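Student:
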Amino acid sequence: MNPLRRLAALGQSVYLDAISRPMIEGGDLRRLIEEDDLQGVTSNPAIFEKAIAQSADYDDAIAELAGRGMPSAEIFETLAVEDIRAAADLFAASHQASDGQHGYVSLEVSPLLADDTDGTIAEARRLWRALDRANVFVKVPGTKAGLPAVRRLTALGINVNVTLLFGLPRYQAVAEAYIAGLEDRLAAGESVSGVASVASFFLSRIDVLIDPRLDELVRAGGDRGERAAALRGTAAIASAKRAFVIYTSLFGGDRFAPLAAAGARPQRLLWASTGVKDPAYHDLAYVEPLIGADTVTTLPQETLDAYRDHGDPRPRLTDELDEAEAKLRALGELGIDLDAATVALEREGVEKFVTPFESLMQAIDEARERTGTSAGGRH
């Protein structure tokens, strides 16, 4: 059997970390759903910047919208909403057949709002209404300002994909915000059975930050150097396994029990940033160790193709949990403050989305100028 389909059979949803209009209209996305049992799509500003700004595929649509006097930010949102709705429609059958477990497509709020709670809530509510699909997630960065937004949006019954999670304390706070939002909703007399959420835990970027620090210790030699060498490339997977332990405790615990009895779903862990950045690592290094039921793995196209070709699906998420905990302790013993490092990664992650978002706005501005429809401005 196709290894990607076997992942689905093991209970792990496979999402594609890419979207574009040609992929939707040309039938590629439909083929992935039918042949690979793809169960969702994620998007972010960088993905849309690549799809819209780095091709001519959207030029006619931009010209048509600009001709109406629509500003650039509104043009982007219009194009993105159209693509997300079209993709969600392709997953509608999967969503319905799985009773809402599978078939989700995500659209992110502006990264410029990452530190603006009220702005995030307002934009997420507006996008939710515009998307008008049960099988969509509105993506909200899991920043400090994002936490109350997650709680409020969940209480409103809006499906949220909490993104840019790197650290365990922040992941736990996000999961607790989701639970609190469900409690608020239930207390208000609203149903919690139709609310879905995922927490996107980013992987490869953790090792990209931590490995060079370990390499410095290796170069210094001695016992510490040997210990550091053994920990290279382990921080991300160890953190993810620890996140799963937190997930199990929270969603299998006493606080969530009455919510579950009322029909609430756990907020599933979604493994993000699964593409390998270090060529020394196996190309599926961030996929194989984290296979487990009721989780999601979102793969860039290259990693998806690699898994189809030579993936080895077996449930490994609960393997070596004690060893993962020991590795995290060992990092601390070597003087590496993982919590501080992941706070820095969060800030960097926001910027990595702000930059392509601003580039995208500039590209739409330029497309408007090329077509003689520059009136109307950016905002």
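The numbering of the sequence shown is our numbering, which starts it at 759 and goes up by one. Virtual Cβ for every residue (Gly too), placed ideally from N, Cα, C. Note that the coordinates shown come from a computational prediction; the quantities given were computed from them, not determined experimentally.
(1) Could you tell me the alpha carbon to alpha carbon distance between residue 762 and residue 827, rounded to whole angstroms?
(2) Taking 7 Å as the limit between beta carbons, can you name the residues of its chain near residue 1133, skipping five residues before and five after?
(3) Could you tell me whether the Cβ atoms of residue 867 and residue 894 are closer together than 8 Å?
(4) Mark residue 1068 as exposed unless 16 or more other C-beta atoms lie within 10 angstroms of its C-beta, in which case mark it buried.
(5) Counting contacts by CB-CB distance shorter than 8 Å, is residue 881 in contact with chain D?
(6) With a threshold of 7 Å (Cβ to nearest heavy atom), would residue 889 be considered close to the ligand ZN?
(7) When burial is assigned at 16 or more other CB atoms within 10 Å of the CB, is residue 875 buried or exposed?
(8) Whose C-beta lies closer than 7 Å to the C-beta of residue 1046 among residues of the same chain, with five residues either side of it excluded?
(9) At which residues does the beta strand (DSSP E) containing residue 897 begin and terminate?
(10) If I measure Cβ to Cβ from residue 839 and keep anything under 8 Å in the same chain, skipping five residues before and after, which residues do I get?
(11) Verify whether the separation of the beta carbon atoms of residue 989 and residue 1088 is less than 8 Å.
(12) Under 8 Å, do residue 776 and residue 810 count as touching if we go by C-beta distance?
(13) Check the C-beta distance from residue 1030 over to residue 960 and give it rounded, since I have them as a contact under 8 Å.
(14) Looking at the unbroken beta strand (DSSP E) that takes in residue 1009, where does it start and where does it end?
(15) Which residue from 791, 825, 992 puts its Cα closest to that of residue 774?
Tutor: With the given structure in hand:
(1) Within the sequence shown, residue 762 is the residue found at index 4, counting from 1. Within the sequence shown, residue 827 is the residue found at index 69, counting from 1. Distance from the CA of residue 762 to the CA of residue 827, rounded to the nearest whole angstrom, comes to 45 Å.
(2) Within the sequence shown, numbered from 1, the residue matching residue 1133 stands at position 375. Only weak support is given to the placement of residue 1133: the predicted model assigns it a pLDDT of 49, under 50, and the question is left unresolved by the model.
(3) Position 109 of the sequence shown, counted from the first residue, corresponds to residue 867. Position 136 of the sequence shown, counted from the first residue, corresponds to residue 894. In this structure, residue 894 does not lie closer than 8 Å to residue 867 by Cβ.
(4) Looking up residue 1068 in the sequence shown gives position 310. Its Cβ having fewer than 16 others within 10 Å, residue 1068 is exposed.
(5) Although the question refers to chain D, the structure presented lacks it and comprises just one protein chain.
(6) As for the ligand ZN, it is missing from this structure, which has no ligand bound.
(7) Counting from one through the sequence shown, the residue named residue 875 turns up at place 117. Classified as buried, residue 875 has 16 or more neighbouring CB atoms from the shown chains inside 10 Å of its CB.
(8) Sequence index remark: in the sequence shown, residue 1046 carries index 288 (1-based). Excluding positions up to five away in sequence, the list reads 1070, 1074.
(9) For the purposes of this step, residue 897 is taken as residue 139 along the sequence shown, with counting starting at 1. Counting along the chain, residue 897 sits inside the beta strand (DSSP E) bounded by residues 894-899.
(10) Stepping through the sequence shown from its first residue, residue 839 is reached at position 81. In chain order, 865, 885, 888, 889 place their CB closer than 8 Å to the CB of residue 839, counting only its own chain and leaving out the 5 sequence neighbours on each side.
(11) What you label residue 989 is simply residue 231 of the sequence shown in a count that begins at 1. What you label residue 1088 is simply residue 330 of the sequence shown in a count that begins at 1. Yes, they are a contact pair.
(12) Stepping through the sequence shown from its first residue, residue 776 is reached at position 18. Stepping through the sequence shown from its first residue, residue 810 is reached at position 52. No, these two residues do not count as a Cβ contact at 8 Å.
(13) Translated into positions along the sequence shown, residue 1030 becomes position 272. Translated into positions along the sequence shown, residue 960 becomes position 202. With a Cβ gap of about 5 Å, residue 1030 and residue 960 count as contacting.
(14) Position 251 of the sequence shown, counting from 1, holds the residue named residue 1009. Judged by DSSP secondary structure, residue 1009 falls outside any beta strand (DSSP E) and instead within the alpha helix (DSSP H) spanning 993-1009.
(15) Along the sequence shown, one-based indexing puts residue 774 at 16. Nearest C-alpha to residue 774: 791.
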